[in-house]
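Sequential numbering from 1 applies to the sequence shown in UniProt numbering.
In this text, a Cβ means the ideal position worked out from N, Cα and C, and glycines have one as well.
It should be emphasised that the depicted structure is a prediction, and the values quoted were computed from it without experimental measurement.
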Amino acid sequence: MASDRPPVHDALTVLDNKNFYRNEEWWKSVVRYQYEGSDQSELAIYLWHKDDGEWTRKNKYVIKTPDAWATDKAIVNAIFSESLAESDEEFPVSDYYSVGTGETVFKSDGWWKAIVLIDQKGSYETQEVMVYLWQETDDGWRRRQKYTIKDEDSWKEEAGVVESMLDMEASSTDRGSASKETTQGASGSQSKSPGTTTSLPKADEFEQLSREIEDHLSVQGK
Numbered sequence: 001m002a003s004d005r006p007p008v009h010d011a012l013t014v015l016d017n018k019n020f021y022r023n024e025e026w027w028k029s030v031v032r033y034q035y036e037g038s039d040q041s042e043l044a045i046y047l048w049h050k051d052d053g054e055w056t057r058k059n060k061y062v063i064k065t066p067d068a069w070a071t072d073k074a075i076v077n078a079i080f081s082e083s084l085a086e087s088d089e090e091f092p093v094s095d096y097y098s099v100g101t102g103e104t105v106f107k108s109d110g111w112w113k114a115i116v117l118i119d120q121k122g123s124y125e126t127q128e129v130m131v132y133l134w135q136e137t138d139d140g141w142r143r144r145q146k147y148t149i150k151d152e153d154s155w156k157e158e159a160g161v162v163e164s165m166l167d168m169e170a171s172s173t174d175r176g177s178a179s180k181e182t183t184q185g186a187s188g189s190q191s192k193s194p195g196t197t198t199s200l201p202k203a204d205e206f207e208q209l210s211r212e213i214e215d216h217l218s219v220q221g222k
């Protein structure tokens, strides 16, 4: 019997997942998981292909925060609505691809994230949107993450699933925060004001990402 657990690395604990599709050769899913020893979860969209009976990871796109998702979503929507201005920026995509337009999300500390419209693959035309994350190496920019959106209908469906999972996580976090504040109030402890948030500095986020990538490069097939 085929396993229902998505074929992520064994060191990851799967908290939830929803399949976009799964057949004999391809499996695309959004997965919420935790790294071993961490109490923080992440959401990522995966695409696997079955090679010689084993699922091999082809694409992965990590959604670090709801704000990051909102930024990416706005750019993707602008591309599909043709409201994003043409860009003359050179993106380090495959030489096989022709970029119609694109926008850099950030480029800092050796990392470059961009969302681009691919209007040609080799000799045939297409209109696919791709989200990329590259890391700068001695050999140039190396792709670390990629998410391919085939068309606008696929995007609407997949975005809806992602947002439902983000909403579920937010509701769970809110319940946990409310419970903690109630406990602190009962014991006389002082809690943070409503709406106060704490976020890691961007440099720390890049360092964390570097560690995660180094930990999992040896098992990149998963």
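Item: Buried or exposed (CB count within 10 angstroms, at least 16 for buried), I115; Value: buried
Item: Proximal residues to G160 (C-beta, below 8 Å), its chain only, five neighbours per side dropped; Value: none
Item: Continuous beta strand (DSSP E) assignments of at least 3 residues falling wholly in the stretch 111 to 147; Value: 111 to 121, 124 to 137
Item: Burial state of G100, where buried means 16 or more other Cβ atoms lie within 10 Å; Value: buried
Item: Whole-angstrom C-beta distance between V105 and L117, which should lie under 8 Å; Value: L117 to V105, Cβ: 14 Å. No contact.
Item: CA-to-CA distance, T13 to N77, given in whole angstroms; Value: 32 Å
Item: Beta carbon of V55 nearer than 8 Å to that of P92; Value: One detail in the question is off: residue 55 reads as Trp in this sequence, not Val. Their beta carbons are not under 8 Å apart, which means W55 does not touch P92 by this criterion.
Item: Sequence-distant residues of the same chain with beta carbon closer than 8 Å to V30, five excluded per side; Value: N17, K18, F20, L43, A44, I45, Y46, E158, V161, V162, M165
Item: A70 - containing alpha helix (DSSP H), residue span; Value: 66 to 80
Item: Distance CB(E103)-CB(I149) smaller than 8 Å; Value: no
Item: Inter-residue Cα distance where the pair is R22 and W141; Value: 31 Å
Item: Under the three-state DSSP convention, the category K156 falls into; Value: helix
Item: DSSP beta-bridge partners of F106; Value: K113
Item: Assumed close pair V131, K107 - CB separation to whole angstroms, cut-off 8 Å; Value: Actually they do not touch by this definition, with Cβ atoms about 14 Å apart.
Item: Per DSSP, the bridge partner or partners of Q34; Value: T13, S41
Item: Nearest-angstrom Cα separation, counted from D88 out to D52; Value: 41 Å
Item: Backbone CA spacing between D39 and S123 [nearest angstrom]; Value: 47 Å
Item: Own chain, CB closer than 7 Å to H49, minus 5 neighbours either side, in chain order; Value: E25, W26, T56, K58
Item: Residue nearest to A11 in terms of C-alpha spacing, selected from D4, D119, G37; Value: G37
Item: Beta strand (DSSP E) segment containing R57, residue limits; Value: 54 to 63
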